[in-house]
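*Asks:* Chains as they are written, first to last, in UniProt numbering: chain B, 1 to 194; chain L, 1 to 194.
In this text, a Cβ means the ideal position worked out from N, Cα and C, and glycines have one as well.
Sharing a structure below in C-alpha cells format, with a few things to ask.
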DNA sequence: CTTCTTAGCGGACCGTCAGTCCGCTAAAGG
DNA sequence: CCTTTAGCGGACTGACGGTCCGCTAAGAAG
C-alpha cells in the first residue's frame, strides 16, 4: 500500500491552499456563499485544481470536516480513557460527545455547508460513518434493550449547524454540548424498555 | 380579517395545480430534481405564476408541508385526547409523535426537499415553529428539570428525510415512528437531573 | 545543465437552477 | 359591452457545480 511514489510539491501546496481558503471563507462569510469559484480564486488556483483534488463540493467539505475531527478520531481509537478504550461505555459516550460538541461549536458554518453539500446520503460520509459506529457500539453495550442504531443517528442529527448556532451564546458557550450530554445521560438512565 | 375581496378563479386553480404538480414530482422523482421550471411545466403554468403564489422554492415546500400537516395541527389544537387537550403531557407527546411520524413516513421526499430549501433558518418555518412549541410545552410540563427547548429541537431534528427513508422498510413500515416514540419515552422516564 | 515525459494546472465552457421583469390576457365589475 | 387591473407567462439574468483539454513546468534520467 505504499505506492503513489511522488506527489508533486505543487500538488501538496495547492491542496493546503484550497483547504485554507475554504476555511477562511467559511469563517468570514458564514456559510453558503462559499462557492467553489471563490475558493479557487482565494486559494490562487484554477477551478479545475479544486475538483481534481476533492472531486466535488461534497468532497471538499468532507475533507475539511475530516481535518477538523482527525484528532478526536485518533483519541477515540487509541487514546487514553475516558475518550479511548478502557472506560465504561457511558463515560466514553459522554467524553465523545464532549469532543464532538467542541468541534461543532467552533465550526457551525462548516457543519451547515457540509449538510448542504451532502444532502443525499449524508450517512455515506466517512466521518459520519465513524461517529455513528462509535456511538452505536457504546450505546449497544450500555443499553442493548433500545434501538441503538436509530438512537445513534438521533444523537448525531442534533449536530446541525443552525441548531448549534442557535444554542451557542457568548454567555453560555457550551450550552449545546452540555444539553447533548444531558440528553445522552437521560437516554442511558431511562427505564428499561418493556 | 375577511378582506381579499376577490381572488380570481384562475388564481385558485393555478395554486392547486402547482401544489399537485410538485407533489407528483416529489413522489415520482425522489427529491431534488424537482426544479421550479419542471413544476411550472407540469402544472401547465408559467414560472412567474409559481413565484407569484409561493415567493420562493422554500415557500412552495412550506406550503406543501403545511397542507400535509394541517389535519394534525387542528387535531392537536382542538381535537379529542390524547392528541388534543385533556390528556397528560406524556400521552399527548406520544400521540403527537405518532401523527408526525405518519406524515414523515409518507412524505420522506418532501421532508428532504423542505430541508434543502429551508437550509438557513429552518426554525423560522411556521410548521416547524408550531411543532417545536407544542413539543416544548408538553416536555416542559412533564420534565421541567430538562433543557426542554433543546430537547424539542432534538426530537424534531430526527425527522430528516434520509433518516426516515433509511428506517422505513416494507417489513417494518412504522419502525421510525416506534423508535422516535421509544426515544421520547426514554427521555420522559429518565432519572431526574441532578 | 539539457532533455524528455507526464502529472498537474488553469480557466473557458456547459447545462441547470432560483429568481426577476414586463408586456399582454382575460377575469370580474358596472 | 367596456374598463380596469389582477394575474399570467416565459424570456432573461447571474451564479452555481462540474467538465474538458491544451499547456506548463516539475521531476527523472543522462
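Whose CA, out of 106(L), 125(L), 161(L), lies closest to the CA of residue 119(B)?
*Replies:* Here the question's residue 119(B) lines up with position 119 in the first chain. Residue 119(B) has its Cα closest to that of 161(L), out of 106(L), 125(L), 161(L).
*Asks:* Any C-beta of chain B sitting closer than 8 Å to the C-beta of residue 196(L)?
*Replies:* This structure cannot settle anything about residue 196(L), because the visible part of chain L is limited to 1 through 194.
*Asks:* Can you list, in chain order, the residues of its chain with a C-beta nearer than 8 Å to that of residue 176(B)? Leave out the 5 residues immediately preceding and following it.
*Replies:* By 1-based counting over the first chain, the position of residue 176(B) is 176. Closer than 8 Å at the Cβ level, and outside the excluded window around residue 176(B), lie 101, 104, 105, 163, 164, 167, 168.
*Asks:* Can you have a look at residue 33(B) and say buried or exposed, based on whether 16 or more other CB atoms are within 10 angstroms of its CB?
*Replies:* Counted from its first residue, the first chain places residue 33(B) at position 33. Residue 33(B) comes out exposed.
*Asks:* May I have the straight-line CA-CA distance separating residue 170(L) from residue 159(B), to the nearest angstrom?
*Replies:* Residue numbering aside, residue 170(L) sits at position 170 when the second chain is read from its first letter. Residue numbering aside, residue 159(B) sits at position 159 when the first chain is read from its first letter. Looking at the two C-alpha atoms, the distance is approximately 29 Å.
*Asks:* How is residue 2(L) classed by DSSP in three states: helix, strand or coil?
*Replies:* Taking the first residue of the second chain as position 1, residue 2(L) is located at position 2. With a pLDDT of 34 at residue 2(L), under the threshold of 50, the modelled position of this residue cannot be trusted; read the value that follows with caution. Coil.
*Asks:* Going by the beta-carbon positions, is the gap between residue 109(B) and residue 30(B) smaller than 8 Å?
*Replies:* Counting from 1 along the first chain, the entry for residue 109(B) is found at position 109. Counting from 1 along the first chain, the entry for residue 30(B) is found at position 30. Yes, the pair counts as a contact, with Cβ atoms nearer than the cut-off.
*Asks:* Do the region 61 to 77 of chain L and the region 123 to 143 of chain L meet, that is, are 3 or more Cβ pairs less than 8 Å apart?
*Replies:* Judged by Cβ distances under 8 Å, the region 61 to 77 of chain L makes contact with the region 123 to 143 of chain L, as three or more pairs qualify.
*Asks:* DSSP state of residue 85(B), grouped into three classes?
*Replies:* Residue 85(B) sits at position 85 when you count from the first residue of the first chain. DSSP places residue 85(B) in strand when its eight states are reduced to three.
*Asks:* List, from N- to C-terminal side, the alpha helix (DSSP H) runs of 4 residues or more that fit wholly inside the region 75 to 156 of chain B.
*Replies:* Whole alpha helix (DSSP H) segments, 4+ residues: 89 to 106, 108 to 117, 126 to 142.
*Asks:* Contact criterion: CB-CB distance below 8 Å. Does residue 96(L) meet it with respect to chain B?
*Replies:* What you label residue 96(L) is simply residue 96 of the second chain in a count that begins at 1. Not an interface residue.
*Asks:* Relative to the C-alpha of residue 96(L), which residue among 43(L), 156(L), 50(L), 115(L) is closest?
*Replies:* Position 96 of the second chain, counted from the first residue, corresponds to residue 96(L). Answer by Cα proximity: 156(L).
*Asks:* Do the CB positions of residue 42(L) and residue 25(L) come within less than 8 Å of each other?
*Replies:* On the second chain, position 42 is the one that residue 42(L) refers to. On the second chain, position 25 is the one that residue 25(L) refers to. Result yes, Cβ atoms of residue 42(L) and residue 25(L) sit closer than 8 Å.
*Asks:* Please check if any C-beta of chain B sits within less than 8 Å of the C-beta of residue 177(L).
*Replies:* Numbered from its first residue, the second chain carries residue 177(L) at position 177. With 8 Å as the cut-off, residue 177(L) does not count as an interface residue toward chain B.
*Asks:* Is the Cβ of residue 193(L) closer than 8 Å to any Cβ of chain B?
*Replies:* Residue mapping note: residue 193(L) aligns to position 193 of the second chain, counting from 1. Yes, residue 193(L) counts as interfacial toward chain B.
*Asks:* Grab the span of the alpha helix (DSSP H) containing residue 37(B) for me, first residue to last.
*Replies:* Residue mapping note: residue 37(B) aligns to position 37 of the first chain, counting from 1. Its alpha helix (DSSP H) spans residues 36 to 43.
*Asks:* Residues in its own chain within less than 6 Å of residue 194(L) by CB, not counting five upstream and five downstream?
*Replies:* As a working mapping, residue 194(L) is identified with position 194 in the second chain. Closer than 6 Å at the Cβ level, and outside the excluded window around residue 194(L), lies no residue.
*Asks:* In the DSSP assignment, find the unbroken alpha helix (DSSP H) run with residue 177(B) in it and report its ends.
*Replies:* Counted from its first residue, the first chain places residue 177(B) at position 177. 175 to 188 is the span of the alpha helix (DSSP H), which, as asked, contains residue 177(B).
*Asks:* Looking only at its own chain, which residues have a Cβ that is under 7 Å from the Cβ of residue 46(L), when we skip the five neighbours before and after it?
*Replies:* Your numbering for residue 46(L) matches position 46 in the second chain. Once the five neighbours on either side are set aside, the close Cβ partners of residue 46(L) are 40.
*Asks:* Can you check whether the C-beta of residue 15(B) is within less than 8 Å of a C-beta belonging to chain L?
*Replies:* Residue 15(B) sits at position 15 when you count from the first residue of the first chain. By this cut-off, residue 15(B) is not an interface position.
*Asks:* Would you say residue 190(L) reaches chain B, if we count a Cβ-Cβ gap shorter than 8 Å as a contact?
*Replies:* Within the second chain, residue 190(L) is the residue found at index 190, counting from 1. Taking Cβ atoms only, chain B reaches closer than 8 Å to residue 190(L), which makes this a yes.
*Asks:* Drop a sphere of 10 angstroms on the beta-carbon of residue 190(B), count the other beta-carbons inside from all chains shown, and report buried for 16 or more, exposed for fewer.
*Replies:* Here residue 190(B) corresponds to residue number 190 of the first chain, with the count starting at 1. So residue 190(B) ends up on the buried side.
*Asks:* What are the residues in the region 162 to 186 of chain B lying within 9 Å of chain L by C-beta distance?
*Replies:* Residues passing the 9 Å Cβ filter: 162, 163, 166, 167, 175, 176, 178, 179, 180, 182, 183, 185, 186.
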